[in-house]
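Residue numbers (this note's numbering): 23 to 193.
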Amino acid sequence: MDHLKQLIREVPDFPKPGINFYDITTLLKDRDGFHETIELLKDHYAVKPVDVVVGIEARGYFFAPAMALALGAGFVPVRKPGKLPYQHRSVEYALEYGSDSLEIHADAINPGQNVLIIDDVLATGGTASAVAKLVEMLGGRVSGLGFVIELSFLPGREKLKNYDLFSLVKY
Ligand code: AMP
Numbered sequence: 023m024d025h026l027k028q029l030i031r032e033v034p035d036f037p038k039p040g041i042n043f044y045d046i047t048t049l050l051k052d053r054d055g056f057h058e059t060i061e062l063l064k065d066h067y068a069v070k071p072v073d074v075v076v077g078i079e080a081r082g083y084f085f086a087p088a089m090a091l092a093l094g095a096g097f098v099p100v101r102k103p104g105k106l107p108y109q110h111r112s113v114e115y116a117l118e119y120g121s122d123s124l125e126i127h128a129d130a131i132n133p134g135q136n137v138l139i140i141d142d143v144l145a146t147g148g149t150a151s152a153v154a155k156l157v158e159m160l161g162g163r164v165s166g167l168g169f170v171i172e173l174s175f176l177p178g179r180e181k182l183k184n185y186d187l188f189s190l191v192k193y
């Protein structure tokens, strides 16, 4: 996946000192790179049951709806607090300092549906693990967690070891 890696821009010290930010806008604007990203993720999940693709706000939305179209599945957004207009469920998760929460519409997933969760980057796994909890709260079955980028020097994969986890580009 080295050619995809070349399309990902690394921005040191963003959004704060010490963070090396993996910017996927340079991959998204590249016609071949973007299409190949979706094709490769699709090829991995085409053999698995997927009824719904869940995208995590905000950068997960760049990839999850494209994956839903590619797999013939529906798309469900998981949103930051206060954005969803209808009844919803929330989950709180720990950040380096403090905590945050994410929300999903209470009727977004039917019990027993197979759900693929998509985000751009897997770092500590806190976000994806919270989203998996939301899906399971609604009775959904997490059939996979897919990422464009995996930061393998962080313990994200270990945190999500009970799930089928796949990523395209590893650092
Ligand atoms: P985590 O919960 O630690 O796995 O963080 C994952 C979320 O934070 C994803 O939604 C990413 O978009 C974002 N993220 C974390 N670290 C980075 C990074 N170094 N570069 C870009 N995005 C990141």
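Glycine residues also receive a C-beta, built at the ideal position from the N, C-alpha and C atoms.
### Query
Using the rule of at least 16 other Cβ atoms within 10 Å of the residue's Cβ for burial, across every protein chain shown, is residue 33 buried or exposed?
Taking the sequence shown and counting its residues from 1, the one referred to as residue 33 is at position 11. The residue in question, residue 33, is exposed, as its Cβ has fewer than 16 Cβ neighbours within 10 Å.
### Message
Using a Cβ-based criterion (distance less than 7 Å to any ligand heavy atom), does residue 150 qualify as near ligand 2?
### Response
Within the structure as shown, ligand 2 is missing, the only ligands being ligand 1.
### residue 155: first and last residue of the uninterrupted alpha helix (DSSP H) it sits in
Stepping through the sequence shown from its first residue, residue 155 is reached at position 133. 148 to 159 is the span of the alpha helix (DSSP H), which, as asked, contains residue 155.
### Query
Over what stretch of residues does the beta strand (DSSP E) that includes residue 163 continue unbroken?
Taking the sequence shown and counting its residues from 1, one reaches residue 163 at position 141. Going by DSSP, residue 163 is part of the beta strand (DSSP E) stretching over 163 to 172.
### Query
Which residue's Cα is closest to the Cα of residue 72: 96, 56, 80?
As a first step, residue 72 must be located in the sequence shown, where it is residue number 50. With distances taken between Cα atoms, residue 72 lies closest to 96.
### Query
How is the alpha helix (DSSP H) around residue 43 delimited, first residue to last?
As a working mapping, residue 43 is identified with position 21 in the sequence shown. No alpha helix (DSSP H) holds residue 43; the beta strand (DSSP E) holding it covers 42 to 45.
### Query
Could you give the C-beta distance for residue 56 and residue 63, rounded to a whole number, given that I count them as a contact under 8 Å?
Looking up residue 56 in the sequence shown gives position 34. Looking up residue 63 in the sequence shown gives position 41. Contact doesn't hold; Cβ gap of about 11 Å is too wide.
### Limits of the unbroken alpha helix (DSSP H) element including residue 192
Your numbering for residue 192 matches position 170 in the sequence shown. That residue, residue 192, is in no alpha helix (DSSP H); its beta strand (DSSP E) goes 187 to 192.
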